[in-house]
DNA sequence: TTCCAGGCGTATC
DNA sequence: GATACGCATGGA
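Numbering (our numbering), first residue to last: 1283 to 1551.
Below, the structure is given as C-alpha cells:
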C-alpha cells in the first residue's frame, strides 16, 4: 500500500485500480459518478470524494486515520490483484476477462450495508437499487441501523418504492436487530455454514447470500450466480468452473461478470 | 403495449 | 429436487 498525506487529502498510488471498474459495476450501490474518473459515495456514513486514474488517486478531505480505518480496507488495498490476475490467466476465458478490466477489485463492504443492498437487488436493476438505497439514506440522514429499520412497516417504507422487497428488508432487519442472526458471527463461520445462516432471512436465497458473503464478509469462495454468470457458465464452462480457483472464485466472478455484461452492452449499442 | 431487471417464495409434481 | 409462476416498480 503506497500513499501520502497531502494537506487535507490522501494521495493513493495503486496500479490495479480503475474507479469505473469497482464503483460502477454493481458491487456497491452507493456511488455516483461526478465526472470523468471521479466519484462521490459512502461506506455506511463515511462520505468520500475520490478521483484519479493511471495509478494515482486523490481521496479528498480524508485524514490518515479515516483512510487507514475505512478506505484501505474498503478498497482491499492489502491484496495483490496483479498476482490474482496472473493466476486466473491460466484459464482462457478468465484471461480475456482480466485483460478487459484490469482495475477490478473486491469492495469490502460492511456486512449490514451489504445485506441491505443485496436484498434490494433481487429481480431489480442497478439504477433502481441505487435509487432505493439513496432514498433510505436520505430519509434517516444516515444509513439506518437494524433496529431503526426493524421498527418500520411495509406501509412506512412506501417512500422507498422498493416493491415486494420491503417485507424482505423488514425480515432482515428484525432478525439482525433481535440477535436471531448475528452478522459478526456469520462472518466468522465457514462459507457453507454462513450461507445457510443468511438464507434463514426471507428474501435471501442462494444468489443474494453469496453476494453478502462475498461483498460483506470477504468469503472469496462465494460465487454469486445470476443471469449473466449463467450465460458465462453455459458458454465458457460447460464442464463446470475450474476447481483450482475455488478459494478465490468469487473474485474471478467479478472479472467474468463485468466482461460478459460490458460485451453485451457494446453489442447492443 | 410488452419485456425485463445481479431472485425469491410458494405450489405442485 | 426440479420446474412453473407471481411478484412491485419503472425504464426501454
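Ideal Cβ positions, reconstructed from N, Cα and C, are used throughout, including at glycine.
Residue burial classification, residue i (beta-carbon count within 10 angstroms, cutoff 16)
i: residue 1437; result: exposed
i: residue 1551; result: Confidence at residue 1551 is low in this model, with a pLDDT of 46, below 50, so its placement is unreliable and no value can be given for it.
i: residue 1547; result: exposed
i: residue 1401; result: buried
i: residue 1446; result: exposed
i: residue 1300; result: buried
i: residue 1479; result: buried
i: residue 1520; result: exposed
i: residue 1429; result: exposed
i: residue 1444; result: buried
i: residue 1380; result: buried
i: residue 1491; result: buried
i: residue 1360; result: exposed
i: residue 1334; result: buried
i: residue 1542; result: buried
i: residue 1304; result: buried
i: residue 1347; result: exposed
i: residue 1422; result: exposed
i: residue 1317; result: exposed
i: residue 1475; result: exposed
Proximity below 8 angstroms, CB of residue i to CB of residue j
i: residue 1307; j: residue 1330; result: no
i: residue 1524; j: residue 1503; result: no
i: residue 1376; j: residue 1533; result: no
i: residue 1321; j: residue 1332; result: yes
i: residue 1495; j: residue 1454; result: no
i: residue 1425; j: residue 1327; result: yes
i: residue 1482; j: residue 1511; result: no
i: residue 1290; j: residue 1393; result: no
i: residue 1535; j: residue 1505; result: yes
i: residue 1283; j: residue 1354; result: yes
i: residue 1295; j: residue 1537; result: no
i: residue 1432; j: residue 1439; result: no
i: residue 1349; j: residue 1292; result: yes
Beta bridge counterpart(s) of residue i as assigned by DSSP
i: residue 1288; result: 1291
i: residue 1313; result: 1323
Identity of the residue in the options nearest residue i by Cα
i: residue 1312; options: 1381, 1378, 1409; result: 1409
i: residue 1507; options: 1353, 1522, 1463; result: 1522
i: residue 1493; options: 1391, 1444, 1418; result: 1391
i: residue 1526; options: 1471, 1289, 1373; result: 1373
i: residue 1357; options: 1393, 1338, 1386; result: 1386
i: residue 1297; options: 1383, 1348, 1378; result: 1383
i: residue 1458; options: 1427, 1543, 1291, 1336; result: 1427
i: residue 1531; options: 1367, 1353, 1285, 1292; result: 1367
i: residue 1608; options: 1379, 1450, 1360; result: With the chain represented from 1283 up to 1551, any question about residue 1608 goes unanswered, as that position is not in the structure.
i: residue 1420; options: 1474, 1379, 1293, 1442; result: 1442
i: residue 1411; options: 1303, 1516, 1314; result: 1314
i: residue 1413; options: 1294, 1310, 1543, 1544; result: 1310
i: residue 1465; options: 1500, 1545, 1423; result: 1500
i: residue 1515; options: 1498, 1539, 1349; result: 1539
i: residue 1485; options: 1405, 1395, 1352, 1335; result: 1405
i: residue 1287; options: 1342, 1473, 1319, 1336; result: 1342
i: residue 1338; options: 1285, 1518, 1543, 1542; result: 1285
i: residue 1399; options: 1537, 1513, 1498, 1518; result: 1498
Closer than 7 angstroms: residue i CB and nearest the ligand MG heavy atom
i: residue 1347; result: This structure lacks the ligand MG; in fact it carries no ligand of any kind.
Exercise for the section: Within the segment 1444-1499, note down every full alpha helix (DSSP H) run reaching 4 residues or more, in order along the chain. Expected result: Here the runs fully enclosed are 1447-1459, 1465-1470, 1473-1480, 1488-1499.
Handout entry: Ranges of the alpha helix (DSSP H) found wholly within the segment 1315-1377, counting only runs of at least 4
Key = Entirely contained in the segment 1315-1377, the alpha helix (DSSP H) runs reaching 4 residues are, in chain order, 1363-1370.
Handout entry: Every unbroken alpha helix (DSSP H) inside the segment 1396-1437 [4 residues or more]
Key = Runs of the alpha helix (DSSP H) inside the segment 1396-1437: 1408-1422, 1428-1432.
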